[in-house]
Amino acid sequence: MEDTLINAKKKAMTLLLDMDRTEKDLRDKLKRAGFSEENRELAVAYVKSYGYINDERYAKHFIEVNRGRKSERRMKFDLANKGIAGDIIEQAFLEAGDFDEMPEIRRLLEKKARTLKPEDPRRKEKLSAFLSRRGYKTGDIIRAIEENERLT
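Every position in the sequence shown, counted from 1, becomes a number in our numbering once 8 is added.
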């Protein structure tokens with residue numbers, strides 16, 4: 009595709025037809041498509057001026073969709089990797105309000121516990137590591153494991 013501003017704008021609009029994107033993601037896609045930095049920036053500014061991309065809206069929607077499936081820490085990590093600024097991420101979480109991660113921790117714990125032998129001496133360690141890798145808080149993990157042991 010020829011590196012013109014019109015083509016960059018068309019490509020940006022086409023990329024936004026499939027899914028909502030962050031500014032960083034859109035810039036990266038335009039770069040991979042071979043557009044110059046100037047045309048990339050102008051195309052991003054163009055779609056942004058019409059409200060077709062909005063990192064604040066993206067962060068709020070991401071939290072809404074992933075709440076109950078991902079830890080807060082994991083969502084913050086994912087949003088940062090998508091190029092969302094830290095202040096935008098924090099504001100989106102403030103607006104989303106507090107949410108209880110314990111039901112999701114319990115669900116994941118029960119699912120993982122079924123794959124481990126009850127007599128495994130490293131069972132607690134494996135369960136804890138499993139949940140830690142998903143970004144859950146250590147205190148919540150310990151509490152969930154203790155609750156699970158009392159129930160079994």
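The C-beta atom is built at its ideal place from N, Cα and C for all residues, glycine as well. No experiment lies behind these values; they were computed from the predicted model shown.
Element boundaries [alpha helix (DSSP H), containing residue i]
i: Met-21; result: 13-26
i: Lys-37; result: 31-40
i: Ser-136; result: 131-140
i: Leu-124; result: Here Leu-124 belongs to no alpha helix (DSSP H), and DSSP marks it neither H nor E.
i: Ser-57; result: 45-57
Three-way DSSP call (helix, strand, coil) for residue i in this model
i: Lys-78; result: strand
i: Asn-89; result: helix
i: Phe-101; result: helix
i: Asn-62; result: coil
i: Lys-68; result: helix
i: Lys-145; result: coil
i: Asp-106; result: coil
i: Asp-95; result: helix
i: Glu-10; result: coil
Pick from the options that is closest to residue i, judged by C-alpha positions
i: Ile-153; options: Lys-56, Arg-141 and Glu-133; result: Glu-133
i: Asp-106; options: Ile-71, Ser-57, Ser-44 and Thr-22; result: Ile-71
i: Leu-116; options: Phe-138, Arg-131 and Ala-100; result: Phe-138
i: Tyr-5; options: Asp-86, Arg-40 and Gly-147; result: Only positions 9 to 160 of the chain appear in this structure, which leaves residue 5 out of reach.
i: Lys-145; options: Tyr-60, Glu-10, Glu-80 and Lys-84; result: Glu-80
i: Leu-13; options: Arg-48, Glu-112, Arg-29 and Glu-64; result: Arg-48
i: Leu-102; options: Arg-77, Glu-64, Lys-119 and Arg-131; result: Glu-64
i: Glu-10; options: Lys-32, Glu-118 and Leu-38; result: Leu-38
i: Ala-100; options: Ile-150, Leu-34 and Val-73; result: Val-73
i: Leu-25; options: Pro-111, Ser-44 and Tyr-60; result: Tyr-60
i: Pro-111; options: Leu-23, Glu-157 and Ile-149; result: Ile-149
Report task. Answer yes if the region 85-95 comes into contact with the region 120-130, meaning at least three C-beta pairs across the two stretches below 8 Å, and no otherwise. Result -> No, the region 120-130 is not in contact with the region 85-95.
Query raised in the report: With contact counted as at least three CB pairs below 8 Å, one residue from each stretch, are the region 51-60 and the region 11-18 in contact?
Result: Contact between the region 51-60 and the region 11-18 is present, with at least three C-beta pairs closer than 8 Å.
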